[in-house]
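These notes are about the structure you will find just below.
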Amino acid sequence: MNLLQGMRPWAPGPTPEALRIVRAVFESASGPLKTKDIYKLAGQQAHEAVVPPPTTPGTVKKIAGGRRLTTPLPPRPTHPVRSLSYLKQTLLPALVTQNVIEKFHTKSTLSEDEIKRRLSQLTKAARKAKSAQLHGQIDTWLWKLKPPQSVPTTPTADKEKPVFGHEIGVGADWSHLNKRRLRAREEKIGRDLKWLKMLKRAQYVMTKEEEAAKAALEVEQSVERKRLRRERRAERAKETATQANAYDSIPAIEGPSIHSKPSYPRTEALSTTSPSYNLLASLNSHLATEAAREDQGILEAIDTLGAAPTGDLMAFTVSHPGNSLVETGTQVGKEATLHLPIVQQQQHLIALQSHTYLPSTNTMASTLATIQTRLVGGTDGSHFDDGSSVGGWPSTQKINLTHPIQQIEIFSGWVIDGLTVTYQLDGGGTTKVVHGSPGGGHTVKLSQNEALLAIVGRAGQHTYYKRSLVTQISFVILDTSNSKIRTEGPFGNGDQSNQGEVFQVSGPLALAGYAKDTDQLGLSGLSFIKASTFE
1 MNLLQGMRPW
11 APGPTPEALR
21 IVRAVFESAS
31 GPLKTKDIYK
41 LAGQQAHEAV
51 VPPPTTPGTV
61 KKIAGGRRLT
71 TPLPPRPTHP
81 VRSLSYLKQT
91 LLPALVTQNV
101 IEKFHTKSTL
111 SEDEIKRRLS
121 QLTKAARKAK
131 SAQLHGQIDT
141 WLWKLKPPQS
151 VPTTPTADKE
161 KPVFGHEIGV
171 GADWSHLNKR
181 RLRAREEKIG
191 RDLKWLKMLK
201 RAQYVMTKEE
211 EAAKAALEVE
221 QSVERKRLRR
231 ERRAERAKET
241 ATQANAYDSI
251 PAIEGPSIHS
261 KPSYPRTEAL
271 STTSPSYNLL
281 ASLNSHLATE
291 AAREDQGILE
301 AIDTLGAAPT
311 GDLMAFTVSH
321 PGNSLVETGT
331 QVGKEATLHL
341 PIVQQQQHLI
351 ALQSHTYLPS
361 TNTMASTLAT
371 IQTRLVGGTD
381 GSHFDDGSSV
391 GGWPSTQKIN
401 LTHPIQQIEI
411 FSGWVIDGLT
421 VTYQLDGGGT
431 TKVVHGSPGG
441 GHTVKLSQNE
451 ALLAIVGRAG
461 QHTYYKRSLV
471 TQISFVILDT
481 SNSKIRTEGP
491 FGNGDQSNQG
501 EVFQVSGPLA
511 LAGYAKDTDQ
521 LGLSGLSFIK
531 ASTFE
C-alpha cells in the first residue's frame, strides 16, 4: 500500500453508476432542481452497492497543531453519489460536458423556515442587515435537462445543369482579361465548340448504328433459333411416324387363327386363340408363334410343333440381326403351341434363338413378358446384360421379379462413371455386379416393401469428354406399404451443363448396356429390361 492509494481511496472522476443515478433524478423530476435537492433525490434511487476501498480515509493521518487527526468518511461511503461535494464538483460538471444538463439563473422567494434557518447562522448585528434582503427576491441557480438540439435544415439548392461546352470554357467568367485577350479567347472557344458539336454528333450516330446492328443480330439469331426448333420438331415427328408405321411394313401371316397386326404402341401378351396358333406383339417386336419361311416376299405360316403342357412356363429370347437390341421374355403357357417363328420387321429378321419349358411353380402372374428398351448413351466397351448373366434368362429365372433390385451404388461426377447393382435372387440370396468404374460415392437402398418405380436421367454426347455418356440419373422409389414415393438423386451433372437428352424408364427389372473396366468414365450406355405389361 503506497501513500497515493491512501490519499485517494475513491476514484476521483465520475463513475458510470453515479452518472446514471443523477441522470435518472433529472428524468424523473417535474422541473428544475437545486444541487441539494439533486443530492437528496439521488440517495433515494436504487443503485448497486459500492464496496469501500481497503484503505479508508480514517487510516490517513494528518498533523494539525501537534495532533494527529484522521480524515472523516463521506456521508454515504457505500453510495455511488457519496457526498454533496462529489456531486457538485464532479458529477454535475461531467453531465454539463456531455450536453445532458445545464445551469441557469433565476429569482425566487425563500420560505419562512428557510429565512429563519439562514438568519440563525448569522450574528446579531448581521441579522438586521440581512433580514430585509432575505425577505425579498434573491438570486437562485438551478439545474435542468438540456433540450435536444434540432439540426437546422437548410433547403439544398438544385444543382444547375452545366451548359453545353463547359469543359472547354463556355459560360466561364473571363472578365479579368483585357479586350484583345478576351476576343481571342472567345474565338478559340467558338472553334472548340464547333468541333465538340461535330464530335457529339458522330458519337450519337455511332451509338445508333451499334444499337441497330445489335437489334438486327438479335432478330437474325431469333429467326435461326426458330428455324432450328422447327427442324427438330419435324425430325421428331418423322421419327415418331416411322416408329408408328413400323408394323405396317410387316406382312400379314396367313393362318386360320392369326390376328391382324396390332396398332402401335399397343402391347399384347401371349394369348391362346386356338390350340395351334398364338400371337405376341410388343413395342419393339412383332413375334408370332408361327414357323414361317420367306418365299418371294410372301411369308407362309407353317405349323411345326405341338402344344405345350398346360401351366408350363415358356422362356424365349428374341434378337434383331444387324442391330444391337436384344429382347428377352417369359410367358406362362396355357395349352400354347410353341413354334420357331421368323417374321420381318423394319427390314430385319427376328428369330427365336432358344426356347425351353420350365415348371410353373413360380408364383408370378399368369402372364409376363419382358422387353429391353433402346440404348441411351454410347457403345464404348463391352456389352453387358444382367438379365442373362444374373437372372439366367431365358433358360432360368433367378432374379426375384417382385423385388429385383436391392441396392444401387453410384460413382459420379460430371457424368455417371459407374453403377454397382445388388440383385435379389429367388432363393433369398443376393448378387452384386459392377458396370463401369468401381466405387460408390452415393448408395440407394430399397427395403423389402419398396419397388423401383422409374429411372430418369440424361444421356448423349458430352462436349468436354467428346463421348456419348450417361450424364445424369435419378431413381423414383415407391413404398408399397404406404404408397409414399421418394426420389434419390439427381446424381452426376457435376458441371451443371445439363448435356444430353432426357430419358425415362418405368418399372426396370435389370440393367444392360456397355461399359469399360476403367477408374473413370467406365459406364458408356444403358438399356433397361422391364415387363412389357408394366403400367
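1 is the number of the first residue of the sequence shown in the UniProt record's numbering; add one for each residue after it. All C-beta atoms in this analysis are idealised placements derived from N, C-alpha and C, irrespective of residue type, glycine included.
Are the CB atoms of residue j and residue i within a distance shorter than 7 Å?
| i | j | result |
| --- | --- | --- |
| Val81 | Ile138 | no |
| Val476 | Leu526 | no |
| Arg458 | Gln448 | no |
| residue 538 | Ser437 | Nothing in the structure corresponds to residue 538, since the chain is present only between 1 and 535. |
| Leu91 | Pro14 | yes |
| Glu27 | Glu48 | no |
| Ser83 | Pro74 | yes |
| Ile416 | Leu523 | yes |
| Asp479 | Glu450 | yes |
| Val376 | Phe491 | no |
| Val505 | Thr370 | no |
| Gly378 | Phe411 | no |
| Ser474 | Gly489 | yes |
| Lys484 | Leu509 | no |
| Pro72 | Lys144 | no |
| Leu95 | Leu134 | no |
| Trp174 | Arg185 | yes |
| residue 537 | Ile399 | Nothing can be reported for residue 537, as the shown portion of the chain is limited to 1 through 535. |
Looking at the unbroken beta strand (DSSP E) that takes in residue i, where does it start and where does it end?
| i | result |
| --- | --- |
| Ala531 | Leu523 to Ala531 |
| Val476 | Arg467 to Asp479 |
| Tyr423 | Ile416 to Gln424 |
| Lys445 | His442 to Lys445 |
| Leu142 | Gln137 to Leu145 |
| Pro490 | Lys484 to Gly492 |
| Val81 | Neither: Val81 is in no beta strand (DSSP E) and is coded neither H nor E. |
| Lys432 | Thr430 to Gly436 |
If I'm right that residue i touches residue j with Cβ under 8 Å, what's the distance once you round it to whole angstroms?
| i | j | result |
| --- | --- | --- |
| Gln406 | Thr396 | The Cβ separation is near 19 Å, so there is no contact. |
| residue 538 | Ser389 | This structure leaves residue 538 out entirely; the chain is present only between 1 and 535. |
| Leu419 | His435 | 5 Å |
| Thr463 | Gln499 | 7 Å |
| Thr163 | Gly171 | For the record, residue 163 in the displayed sequence is Val; it is not Thr. About 4 Å separates the two Cβ atoms, so the contact holds. |
| Lys146 | Ile115 | Actually they are not in contact, since the Cβ atoms of Lys146 and Ile115 sit about 32 Å apart, beyond 8 Å. |
| Thr97 | Thr140 | No, Thr97 and Thr140 are not in contact; Cβ-Cβ is about 23 Å, not under 8 Å. |
| Gly413 | Gly494 | 5 Å |
| Leu193 | Gly165 | 5 Å |
Go to residue i, then tell me how far its alpha helix (DSSP H) extends in each direction, as first and last residue.
| i | result |
| --- | --- |
| Gln133 | Lys124 to Leu134 |
| Thr109 | First-last for Thr109: Ile101 to Thr109, but that is the beta strand (DSSP E), not the alpha helix (DSSP H). |
DSSP on residue i, reduced to helix/strand/coil?
| i | result |
| --- | --- |
| Phe503 | strand |
| Gln407 | strand |
| Phe384 | strand |
| Tyr22 | Contrary to the premise, residue 22 reads as Val rather than Tyr in this sequence. Reduced to three states, the DSSP call for Val22 is helix. |
| Arg374 | coil |
| Gln121 | coil |
| Glu17 | helix |
| Thr518 | coil |
| Leu340 | A caution first: Leu340 carries a pLDDT of 35, below 50, which makes its placement in the model unreliable, though a value can still be read off. In the structure shown, Leu340 sits in coil (DSSP, three-state: anything other than H, G, I, E or B). |
| Ile350 | Model confidence at Ile350 stands at a pLDDT of 34, short of 50, so the residue's coordinates are unreliable and nothing is read from them. |
| Ser260 | Reliability of the predicted coordinates at Ser260 is poor, the pLDDT of 34 falling under 50, and the value obtained from them is presented with this limitation in mind. The answer is coil: DSSP assigns Ser260 none of H, G, I, E or B. |
| Gln45 | coil |
| His462 | strand |
| Ala215 | helix |
| Arg201 | helix |
| Gln98 | coil |
| Ala11 | coil |
| Leu228 | helix |
| Ser28 | helix |
| Glu450 | strand |
| Val456 | strand |
| Thr330 | With a pLDDT of 42 at Thr330, under the threshold of 50, the modelled position of this residue cannot be trusted; read the value that follows with caution. Thr330 falls in the strand class under three-state DSSP. |
| Ser412 | strand |
| Ala184 | helix |
| Pro508 | strand |
| Lys34 | coil |
| Gly190 | helix |
| Arg236 | helix |
| His355 | With a pLDDT of only 36 at His355, under the threshold of 50, the placement of this residue in the model should not be trusted, and no figure is reported. |
| Thr363 | Note that Thr363 scores a pLDDT of 37, beneath 50, so its modelled location is shaky; the value from the coordinates is reported in the next line. Note: Thr363 maps to coil in three-state DSSP. |
Between residue i and chain B, is any beta-carbon pair separated by less than 7 Å?
| i | result |
| --- | --- |
| Val433 | In the displayed structure, chain B is absent; only one protein chain is listed. |
task = Evaluate the contact criterion for the stretch 122-139 versus the stretch 37-46: three or more CB pairs, one atom per stretch, below 8 Å.
result = no
- Give a yes or no on contact between the stretch 12-27 and the stretch 126-135, applying the rule of three or more CB pairs nearer than 8 Å. no
Q. With contact counted as at least three CB pairs below 8 Å, one residue from each stretch, are the stretch 193-201 and the stretch 220-231 in contact?
A. no
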